[in-house]
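Visitor:
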Amino acid sequence: MSAAPESQRMEKIVSLCKRRGFIFQSSEIYGGLNGLWDYGPLGVELKRNLKNYWWRMMVHERDDVVGMDGAILMNRSVWKASGHEDTFTDPMIDCRSCRARLRGDQLVEKKGVKQCPVCGGKDLTEPRAFNLMFKTYVGATEDESSLTYLRPETAQAIFVQFKNILEIARKKLPFGIAQIGKAFRNEINPRNFTFRSREFEQMELEYFCRAEEGMKLLEYWKEERLKFYENIGIPRTRLHVLTVPDDERAFYSKGTYDIEYDFPFGRQELEGVAYRTDYDLVQHQKASGKPLEYFDEETKQKFIPHVVEPSAGVDRTVLALICEAYSEDRAPDEKGKMEARIVLRFHPRIAPIKCGVFPLLKNNNQLVSKAKSIVDFLRPHMFIFYDESGAIGRRYRRQDEIGTPFGITVDFETLSEKDAKLRNTVTLRERDSMKQERVPIEDLPGLLLSRIS
Ligand code: GAP
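All the letters of the sequence shown, read from the start, carry residue numbers 447 to 899 under my numbering.
#1: Would you check if the distance between the CB atom of Gly-802 and the CB atom of Phe-823 is smaller than 8 Å?
#2: From the DSSP output, read off the bridge partner residues of Lys-557.
#3: Kindly list the residues whose CB is nearer than 7 Å to the CB of Met-447, restricted to its own chain and excluding five residues on each side of it in sequence; keep chain order.
#4: Bridge partners for Ile-705 per DSSP, in chain order?
#5: Please go through the same chain and pick out, in chain order, the residues whose beta-carbon is closer than 7 Å to the beta-carbon of Met-503, but skip the five residues on each side of it.
#6: Look up Lys-748 in the DSSP assignment and say whether it is helix, strand or coil.
#7: Which runs of the beta strand (DSSP E), 3 residues or longer, sit entirely within the stretch 600 to 659?
#8: Look up Val-511 in the DSSP assignment and give the residues it is bridged to.
#9: Less than 7 Å between C-beta atoms, sequence neighbours within five positions excluded: which residues of the same chain meet that for Met-649?
#10: Helix, strand or coil, according to DSSP, for Phe-697 in the structure here?
#11: Does DSSP classify Ala-449 as helix, strand or coil?
#12: Leaving out five residues on either side along the sequence, give the residues of the same chain with a beta carbon under 6 Å from the beta carbon of Pro-563.
#13: Would you identify the three-state DSSP class for Arg-825, choosing helix, strand or coil?
#14: In terms of residue numbering, what span does the alpha helix (DSSP H) encompassing Ala-777 cover?
#15: With a threshold of 8 Å between beta carbons, is Ala-837 in contact with chain C?
#16: Closer than 7 Å: is that where the CB of Ser-543 sits relative to any heavy atom of ligand 1?
#17: Once DSSP output is grouped into helix, strand and coil, what is the label at Val-460?
#18: Within the same chain, show all residues whose beta-carbon is closer than 7 Å to that of Ile-898, passing over the 5 residues directly before and after it, in chain order.
#19: Go ahead and label Ala-449 buried or exposed: buried means 16 or more other beta carbons lie within 10 angstroms of its beta carbon, across all protein chains shown.
#20: Using the three-state DSSP reduction, which class does Gly-516 fall into: helix, strand or coil?
#21: Under the rule that 16 or more other beta-carbon atoms within 10 Å means buried, what is Asn-521, buried or exposed?
#22: What did DSSP end up calling Met-538 once you bin it into helix, strand or coil?
#23: Using DSSP with H/G/I as helix, E/B as strand and the rest coil, what is Phe-831?
#24: Are there 16 or more other CB atoms within 10 angstroms of the CB of Ala-837, so buried, or fewer, so exposed?
#25: With a threshold of 7 Å, establish whether the CB of Glu-770 neighbours any heavy atom of ligand 1.
#26: What is the residue span of the beta strand (DSSP E) that Gly-802 lies within?
#27: Tell me which residues share the same chain as Lys-609 and place their Cβ nearer than 8 Å to its Cβ, disregarding the 5 neighbours each side in the sequence.
#28: Give the range of the beta strand (DSSP E) segment to which Lys-581 is assigned.
#29: Thinking C-alpha only, which one of His-686, Tyr-666, Lys-581, His-752 is nearest Glu-652?
#30: DSSP on Glu-883, reduced to helix/strand/coil?
#31: If you count every other CB in all the chains shown that lies within 10 Å of the CB of Asp-846, and 16 or more means buried, which is it?
#32: Along the chain, where does the alpha helix (DSSP H) that runs through Gly-853 open and close?
#33: Quick check: Val-856 and Ile-820, are their CB atoms within less than 8 Å of each other?
#34: Tell me whether the beta-carbon of Phe-852 lies closer than 8 Å to the beta-carbon of Arg-884.
#35: Using only the heavy atoms of ligand 1, determine whether one of them is closer than 7 Å to the beta carbon of Gly-718.
Structure (structure tokens):
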């Protein structure tokens, strides 16, 4: 890890994200729109690899979880029943001195007096409840009857489809429904790059169970989720589990953990793991009048299941992955002279590009065509990048900076007729150690796949 002060480190990360095409400001050519971001060619790959790995761990490699993909717009009654219409608010305060609009928890307190964090002013308005849901209208009329909201969490689609999925999936308790999708919150103060955005993605699991299993499963899911972060390259030592105190938990929750990460701007939440009891299903059963119960074949009893919910943010995890991977070290240039190197040490599993392929010289047809044949050979297995421009050392550096874990160089030995043993072998370079090994082309898919997944 670099020794740069944390604020400088964050600036460097933001600048790298733009320069190398991970993340751009949304609508940038029009001056942007606060709290909204676009993912570029590398960002979208990183995000997809993260979501695919979550889906693999949470759905494909389990017998007790199925997936769904719900609509972003839902009947307004959903948001009334869930409590979001009345209570999904943040306290908003204005500073009368500098006109900053602040969230209640952003005020600073000095000698017991609350102050504006921007100008230090003490002339502040009383807090007012500001609902974070974006309003919209469905259909051609814009009135109360057509009003609804962009969903502020993906979870509610799971609760309202619970009965349909229970019937078709024929699962016994405990079982879960997983979903990845967009959520929208009109945050009062979006900040810290993509950390607090107005449009973001969530990866949520609602794991339904019997009431008596709730607390045990809360512990189970906290541990599973910690393992997940370790598997994508965020070490346990950089993660913290906060037990959310009673007075800060949602009133219906019997226990909540926040999994936090040490970002350069401070320790902040990546994911919440909450035991939500039977609150949501009870609310929707009451409001819709439709039964949302589970029938226990053995005891012949009907009841509303409880639920444990691990709810992770895609964008926050992507940001944590980039922050964790960013590092500066020194590496030898073409002539062996040491120079500064920026390297993203992504776990190969989530790295946007898995392998670069380079012919040693771009003006040698045999080297180029051999390198291109290796690209064709590897492409069905992984995302490959072909690069023939510039000195080989430069090409390695460009891939180091975007976190590509492996580089393959096709050189004269690959073509050699002198040493039969080296024919059809290539140099395989590993990003972090910069170690090189000689590998037969035919062994590449197996070797690389074993190191990636
Ligand atoms: N269904 C439960 C739920 O939505 P939450 O703690 O409000 O719980 C879950 O959100 C996760 O969604 C957070 O831990 C965070 O990773 C992500 N998230 C929430 N608000 C966000 C925002 N404004 N920008 C980016 N990610 C956000």
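All C-beta atoms in this analysis are idealised placements derived from N, C-alpha and C, irrespective of residue type, glycine included.
Guide: Taking the coordinates as given:
#1: no
#2: For Lys-557, which the question treats as bridged, DSSP gives no partner whatsoever.
#3: Note that Met-447 scores 44 on pLDDT, short of 50, meaning its location in the model is unreliable; the coordinates nonetheless yield the value given after this. Only Ser-773 meet the Cβ criterion.
#4: Val-687, Glu-717
#5: Phe-674
#6: strand
#7: 621 to 630, 645 to 655
#8: Gly-622
#9: Lys-497, Trp-500, Ile-626, Ala-758, Val-760
#10: coil
#11: Low per-residue confidence applies at Ala-449: pLDDT is 49, beneath 50, and the placement is therefore not dependable, though the value from the model is reported in the following sentence. Of the three classes helix, strand and coil, the one that applies to Ala-449 here is coil, per DSSP.
#12: Gln-552, Val-554
#13: coil
#14: Unbroken run through Ala-777 is the beta strand (DSSP E), 772 to 778; no alpha helix (DSSP H).
#15: In summary, chain C is missing from the structure at hand, where a single protein chain is found.
#16: no
#17: helix
#18: Pro-794, Arg-795, Lys-800, Met-828
#19: Confidence at Ala-449 is low in this model, with a pLDDT of 49, below 50, so its placement is unreliable and no value can be given for it.
#20: Reduced to three states, the DSSP call for Gly-516 is coil.
#21: exposed
#22: strand
#23: strand
#24: Classification of Ala-837: exposed, given that the 10 Å Cβ count is below 16.
#25: no
#26: 801 to 805
#27: Excluding residues within five positions, the ones whose Cβ falls inside 8 Å are Lys-736, Pro-737, Leu-738.
#28: It spans 581 to 583 - the beta strand (DSSP E) in which Lys-581 sits, taken as one unbroken run.
#29: Of the candidates His-686, Tyr-666, Lys-581, His-752, the one whose C-alpha sits nearest the C-alpha of Glu-652 is His-752.
#30: strand
#31: Flag for Asp-846 reads buried.
#32: Where Gly-853 is concerned, there is no enclosing alpha helix (DSSP H), although the beta strand (DSSP E) it sits in stretches over 852 to 856.
#33: yes
#34: no
#35: yes
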